[in-house]
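Participant: Following this message is one structure expressed as structure tokens.
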Amino acid sequence: MRPFSSLGPVALAALAGLAATACGLVDVFRPAGLKDVVVLYTGPTSLTIGDRVAPAVTTEADGVQVSNPRLVFSSSDTTILGLTPVGDTLVGCGNGQALLTIRLISSMVTDTAPTGQASIRVSGGPPPPACP
């Protein structure tokens, strides 16, 4: 067995690593520092059974609005406040109050997944025939 048979690929990998460091590629992936992130629900807090509403949310990092944030919504009680299968529309399903939780995902501005919450009251008549 030849001990130096794999030296070429190792040397090439070491040179590539040095080149990446010299070009500042490491700085691209280094966090720029944690930011104060605020996720705020700005939509209606009162729905009627059968209402379908796109949730309105503002997201800011250090006071600067985040454009096109990736958000995930969940309801504490889907028999009162449902979400469409895609998860981008709130649906009033039954009388009562539910807690809407909004979570920012794939955030590069903080070390935890920032969340916001809003209490949504649903009232009205009988539930719609196809409530998610």
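In terms of my numbering, the sequence shown opens at residue -17 and continues consecutively.
Glycine included, each C-beta is placed from N, C-alpha and C at the ideal position.
1. Which ranges would you report for the beta strand (DSSP E) in the stretch 37 to 75 if only whole runs of at least 3 residues count?
2. Below 8 Å on the Cβ atoms is my contact criterion, and I expect Thr71 with Ala36 to pass it. Report the Cβ-Cβ distance as a whole number of Å.
3. Could you say which of Thr61, Gly76, Gln79, Leu53 lies nearest to Val68 if we only look at CA atoms?
4. In terms of DSSP beta bridges, what is Ile102 paired with?
5. Count the other CB atoms, across all protein chains shown, that sit within 10 Å of the CB of Val104; report buried if there are 16 or more and exposed otherwise.
6. Within the continuous beta strand (DSSP E) that includes Thr27, where are the two ends?
7. Around the C-beta of Ala38, are 16 or more other C-beta atoms found within 10 angstroms, so that it is buried, or is it exposed?
8. For Pro108, count neighbouring Cβ atoms within 10 angstroms of its own Cβ and tell me buried if that reaches 16, exposed if not.
9. Smallest Cα separation from Ser58: which of Thr83, Val46, Thr40?
10. Report yes if the C-beta distance between Leu81 and Val19 is below 8 Å; otherwise report no.
Facilitator: Reading it off the structure:
1. Taken in chain order, the whole beta strand (DSSP E) runs of length 3 or more contained in the stretch 37 to 75 are 39 to 43, 53 to 57, 63 to 65, 72 to 74.
2. For Thr71 against Ala36, the beta-carbon gap comes to about 6 Å, under 8 Å, which counts as contact.
3. The residue from Thr61, Gly76, Gln79, Leu53 with its alpha-carbon nearest to that of Val68 is Leu53.
4. In DSSP, Ile102 forms a bridge with Ala80.
5. The residue is buried, with at least 16 neighbouring Cβ atoms inside 10 Å.
6. Annotation: Thr27 is outside any beta strand (DSSP E) and is labelled neither H nor E by DSSP.
7. Counting of Cβ neighbours within 10 angstroms places Ala38 among the exposed residues, the total staying below 16.
8. Under this definition Pro108 is an exposed residue.
9. Closest in alpha carbon position to Ser58, among Thr83, Val46, Thr40, is Thr83.
10. No; because the gap between Cβ atoms is not below 8 Å, this pair is not in contact.
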